[in-house]
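**Q** The listed protein sequences derive, respectively, from chains A and B. In this text, residue positions in the first sequence follow my numbering: the first is 1, and each later residue adds one. In this text, residue positions in the second sequence follow my numbering: the first is 1, and each later residue adds one. We put the CB at the ideal spot given by N, CA and C, even for glycine.
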Amino acid sequence: MQELIVRAKELLASGQVARVLGWKKGEHSYDPEVAFFNDAESLQDFVYDGFCGANLSKYMIEASKLEGKTLVFLKPCDSYSFVQLMKEHRVDREKAYIIGVGCWGKLDVRKLGAEGILDVEIAGDVLKVSSLYGDSEVAYKDAMLERCHVCKGKEHKVFDETLLESADTVDLDRFAEVERIEAMSPEEKFAYFQSELSKCIRCNACRNVCPACSCRKCVFDSTAFNSEQKANTTSFEEKMFHIIRAFHVAGRCTDCGECSRVCPQGIPLHLFNRKFIKDINRLYGEYQAGADLEEKAPLTSFQTDDAEPGADRR
Amino acid sequence: MPVTENWKPTIVAFCCNWCSYAGADLAGSSRLAYPADVKIIKVPCSCRVNPMFILRAFEKGADGVILCGCHPGDCHYSTGNYYARRRMTLLFSMLDYLGVEDGRTRVEWVSAAEGVKFSETMNSFVEKVRALGPNVRLGDLRCKN
Ligand code: SF4
Ligand code: SF4
Ligand code: SF4
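As structure tokens, then:
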């Protein structure tokens, strides 16, 4: 972590960058937040550890409009989002100085197995959790975010320089869960998704965090109030929210895992995105959003002999 | 809604202006029968139909939604139906995955000369949806008791 701060200070001092986009100490050790740092002094609050799951790419949309370059730290998975945003002309590559940071898996607070957590100490492979109800230990690997178990790889898709070594974290198949659901009966599928989706409180956090959900005007913005945040405007939207959102990001979702990470209700939103990704791979050829700037997107291209809709079930 | 012998499904058919709507016209002028409960919505091109149209039709009470367009290769705008085909393929697959509406959605390519195909398609689709009964699942997807 010190390397990152030292390098950020150098770049600020030399005037190569006007500000730094990174993670800042939160109230507790396990809740760092996204922050802009405008001078060397403010960098004393900078952190980069297992709790820095937040993907900074989306913040570069606004930062691209600012004077001067912004130094941004991107983890391997975040770099896919950045490339995808470049492809959609939402971020300006010229306005970013990208340091690709190594990653050894990020943590999911919900997997710490404790309530009322006061502090978490990351001691190598072990997390020492102290809570209102006592102390406990969890293996780092067991508390990792789902997405890290199926990580797309530790190669940065865009960077000016890289810092810190990554470690392999993959021990699960990315599509295993989707396949498990596909094999269910329609009744089982429905029961499963109904029980998950009925937990949704429409906080819109999944949309707000999503790099692909960066439209200036969103269908989920309120038409009745001049407000971005809102409860549902119509019952249609309320019922179809997850399907519509998944479709809007189909072919553009990099599977960065942010939606599932931030959902306060623990809804496995990646299962929607990955269904589309799996279908796209199967029907239209392997495609990874954000992996390549030039490759044509699956929903804005076609082959004359594409499969017919519903062909699978006829 | 109680399902009786006489229950008739509400069917929405999105038809492109150039081929399928003309096909529906031909079916009508040739006096080929298709159920009166099929509500046709004319669109400029099958590609105009975004997946939300389909979902919205269900939300507004449709029991089945069918999209008809020009045969691949014959699109008035050259390639619109190819894009529509990919979108609908993914949407239908997603609905299956959620355990809703298998068989309540369909895409069929109907040319302006295919009045017979239009009428047969509608008859078979209505029958299929009738067998499935009223559409409740999509509306209940987020409503676990
Ligand atoms: S998905 Fe991979 S790169 Fe992203 S946080 Fe997890 S381990 Fe790191
Ligand atoms: S983050 Fe979760 S609870 Fe909030 S709107 Fe999205 S799915 Fe619903
Ligand atoms: S839908 Fe989720 S996984 Fe996909 S890009 Fe958005 S936040 Fe990332």
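Could you check if A:H28 is buried or exposed, using at least 16 other CB atoms within 10 Å of its CB as the buried criterion?
**A** In the first sequence, counting from the first residue as 1, residue 28 of chain A sits at position 28. Exposed.
**Q** Is the Cβ-Cβ distance between B:G69 and B:A84 less than 8 Å?
**A** Start at 1 with the first residue of the second sequence, and residue 69 of chain B comes out as number 69. Start at 1 with the first residue of the second sequence, and residue 84 of chain B comes out as number 84. Yes, they are a contact pair.
**Q** For A:L85, I'd like the list of residues in its chain whose CB is within less than 8 Å of its CB, leaving aside the five on either flank, ordered along the chain.
**A** Numbered from 1 along the first sequence, position 85 holds the residue referred to as residue 85 of chain A. Same-chain partners within the cutoff: S57, K58, M60, I61, V91, P211 and S214.
**Q** How would you call A:E121, buried or exposed, if buried means at least 16 neighbouring beta carbons within 10 angstroms?
**A** For this step, residue 121 of chain A is matched to residue 121 along the first sequence. When all chains shown are included, A:E121 counts as exposed.
**Q** Classify A:V17 as helix, strand or coil using the three-state DSSP reduction.
**A** For the purposes of this step, residue 17 of chain A is taken as the residue at position 17 of the first sequence. Looking at A:V17 - three-state DSSP - the assignment turns out to be coil, as it is neither helix nor strand.
**Q** Does the Cβ of B:N81 have 16 or more other Cβ atoms within 10 Å, making it buried, or fewer, making it exposed?
**A** Looking up residue 81 of chain B in the second sequence gives position 81. B:N81 comes out buried.
**Q** Considering only their Cβ atoms, is the gap separating B:V107 from A:G310 smaller than 8 Å?
**A** Working through the first sequence from its first residue, we reach residue 310 of chain A at position 310. Working through the second sequence from its first residue, we reach residue 107 of chain B at position 107. Contact annotation: A:G310 and B:V107 have beta-carbon atoms nearer than 8 Å.
**Q** Helix, strand or coil: which one does DSSP assign to A:K157?
**A** Position 157 of the first sequence, counted from the first residue, corresponds to residue 157 of chain A. If DSSP states are grouped into helix, strand and coil, A:K157 belongs with coil.
**Q** Determine the extent of the beta strand (DSSP E) in which A:I97 is found, giving its start and end residues.
**A** To locate residue 97 of chain A, count along the first sequence from 1; it is residue 97. The identity of residue 97 of chain A in the sequence shown is Tyr, whereas the question assumes Ile. Counting along the chain, the beta strand (DSSP E) containing A:Y97 begins and ends at A96 to V101.
**Q** Any beta carbon from chain B within less than 8 Å of A:T304's own beta carbon?
**A** Locating residue 304 of chain A in the first sequence gives position 304, counting from the first residue. So yes, A:T304 belongs to the interface.
**Q** Taking only the alpha-carbon atoms, compute the straight-line gap between A:C103 and A:R274 and give it to the nearest angstrom.
**A** Residue 103 of chain A sits at position 103 when you count from the first residue of the first sequence. Residue 274 of chain A sits at position 274 when you count from the first residue of the first sequence. Cα-Cα distance, rounded: 22 Å.
**Q** Find out if the Cβ-Cβ distance for the pair A:R19, A:N38 is shorter than 8 Å.
**A** In the first sequence, residue 19 of chain A corresponds to position 19, counting from 1. In the first sequence, residue 38 of chain A corresponds to position 38, counting from 1. Cβ distance < 8 Å, so A:R19 and A:N38 count as in contact.
**Q** List the residues of chain A that B:F92 touches, going by C-beta distances under 7 Å, in chain order.
**A** Position 92 of the second sequence, counted from the start, is the residue given in the question as residue 92 of chain B. Simply P309 and G310.
**Q** Could you pull out every residue in the same chain whose Cβ sits closer than 8 Å to the Cβ of A:I192, ignoring the five residues on either side in sequence?
**A** On the first sequence, residue 192 of chain A is found 192 positions in, with the first residue counted as 1. Contrary to the premise, residue 192 of chain A reads as Tyr rather than Ile in this sequence. Only residues of its own chain outside the window of five on either side were considered, and among them I181 and M184 have a CB closer than 8 Å to the CB of A:Y192, listed in chain order.
**Q** What residues come near ligand 1, if near means a beta carbon less than 5 Å from any of its heavy atoms?
**A** A:K75, A:P76, A:C77, A:C103, A:G105, A:K106, A:R147, A:C148, A:C151 and A:T169
**Q** Does the beta-carbon of A:N273, which I'm using as the reference point, lie nearer than 7 Å to any heavy atom of ligand 3?
**A** Reading the first sequence from its first residue, position 273 is the one you call residue 273 of chain A. A:N273 Cβ: within cutoff of ligand 3.
**Q** Mark A:I267 as exposed unless 16 or more other C-beta atoms lie within 10 angstroms of its C-beta, in which case mark it buried.
**A** Counting from one through the first sequence, the residue named residue 267 of chain A turns up at place 267. Buried is the call here.
**Q** Classify A:I201 as buried or exposed, calling it buried when 16 or more other Cβ atoms lie within 10 Å of its own Cβ.
**A** Taking the first sequence and counting its residues from 1, one reaches residue 201 of chain A at position 201. Flag for A:I201 reads exposed.
**Q** Please state the DSSP three-state secondary structure of A:R314.
**A** Along the first sequence, read from residue 1 onward, the residue named residue 314 of chain A stands at position 314. For A:R314, the predicted model reports a pLDDT of 47, less than 50, meaning its position is unreliable and no value from the coordinates is stated.
**Q** Between the C-alpha atoms of B:T105 and A:A54, what's the straight-line distance to the nearest angstrom?
**A** Reading the second sequence from its first residue, position 105 is the one you call residue 105 of chain B. Reading the first sequence from its first residue, position 54 is the one you call residue 54 of chain A. Distance between the alpha carbons of B:T105 and A:A54 is about 38 Å.
**Q** Counting only C-beta atoms, is B:L141 closer than 8 Å to chain A at any point?
**A** What you label residue 141 of chain B is simply residue 141 of the second sequence in a count that begins at 1. Output row for B:L141: interface = yes.
**Q** Leaving out the 5 sequence neighbours to the left and right, which residues in its chain are closer than 6 Å to A:F46 when beta-carbon positions are compared?
**A** Working through the first sequence from its first residue, we reach residue 46 of chain A at position 46. Excluding sequence neighbours, A:F46 sits near I5 and G22.
**Q** Can you find a heavy atom of ligand 3 that lies under 7 Å from the Cβ of A:C215?
**A** Taking the first sequence and counting its residues from 1, the one referred to as residue 215 of chain A is at position 215. Checking every heavy atom of ligand 3 against the Cβ of A:C215, none is found closer than 7 Å.
**Q** Runs of 4 residues minimum, wholly inside the region 40-123 of chain B: which ones carry the alpha helix (DSSP H) assignment?
**A** 51-59 and 80-97
**Q** Which value, in whole angstroms, describes the spacing of the CA atoms of A:E3 and A:D221?
**A** To locate residue 3 of chain A, count along the first sequence from 1; it is residue 3. To locate residue 221 of chain A, count along the first sequence from 1; it is residue 221. Going from the Cα of A:E3 to the Cα of A:D221 covers about 41 Å.
**Q** Hey, A:T70 and A:V17 are a contact pair by Cβ (cut 8 Å); roughly how many whole angstroms apart?
**A** Counting from 1 along the first sequence, the entry for residue 70 of chain A is found at position 70. Counting from 1 along the first sequence, the entry for residue 17 of chain A is found at position 17. Going by Cβ atoms, the distance from A:T70 to A:V17 rounds to 6 Å, so yes, they are a contact pair.
**Q** Strictly below 7 Å CB to CB, what residues from chain A border B:E127?
**A** For the purposes of this step, residue 127 of chain B is taken as residue 127 along the second sequence, with counting starting at 1. Ordered by position in chain A, no residue passes the 7 Å Cβ test against B:E127, which lies about 15 Å from the chain.
**Q** Considering Cα atoms alone, identify which of A:G15, A:L12, A:L11 and A:G50 is closest to A:K25.
**A** Taking the first sequence and counting its residues from 1, one reaches residue 25 of chain A at position 25. Of A:G15, A:L12, A:L11 and A:G50, the residue nearest in Cα terms is A:G50.
**Q** What's the C-alpha gap between A:L107 and A:C259?
**A** The residue given as residue 107 of chain A occupies position 107 in the first sequence. The residue given as residue 259 of chain A occupies position 259 in the first sequence. Rounded to the nearest angstrom, the two C-alpha atoms are 15 Å apart.
**Q** Does any residue of chain B bring its CB to less than 8 Å from the CB of A:E146?
**A** Locating residue 146 of chain A in the first sequence gives position 146, where the first residue counts as 1. Output row for A:E146: interface = no.
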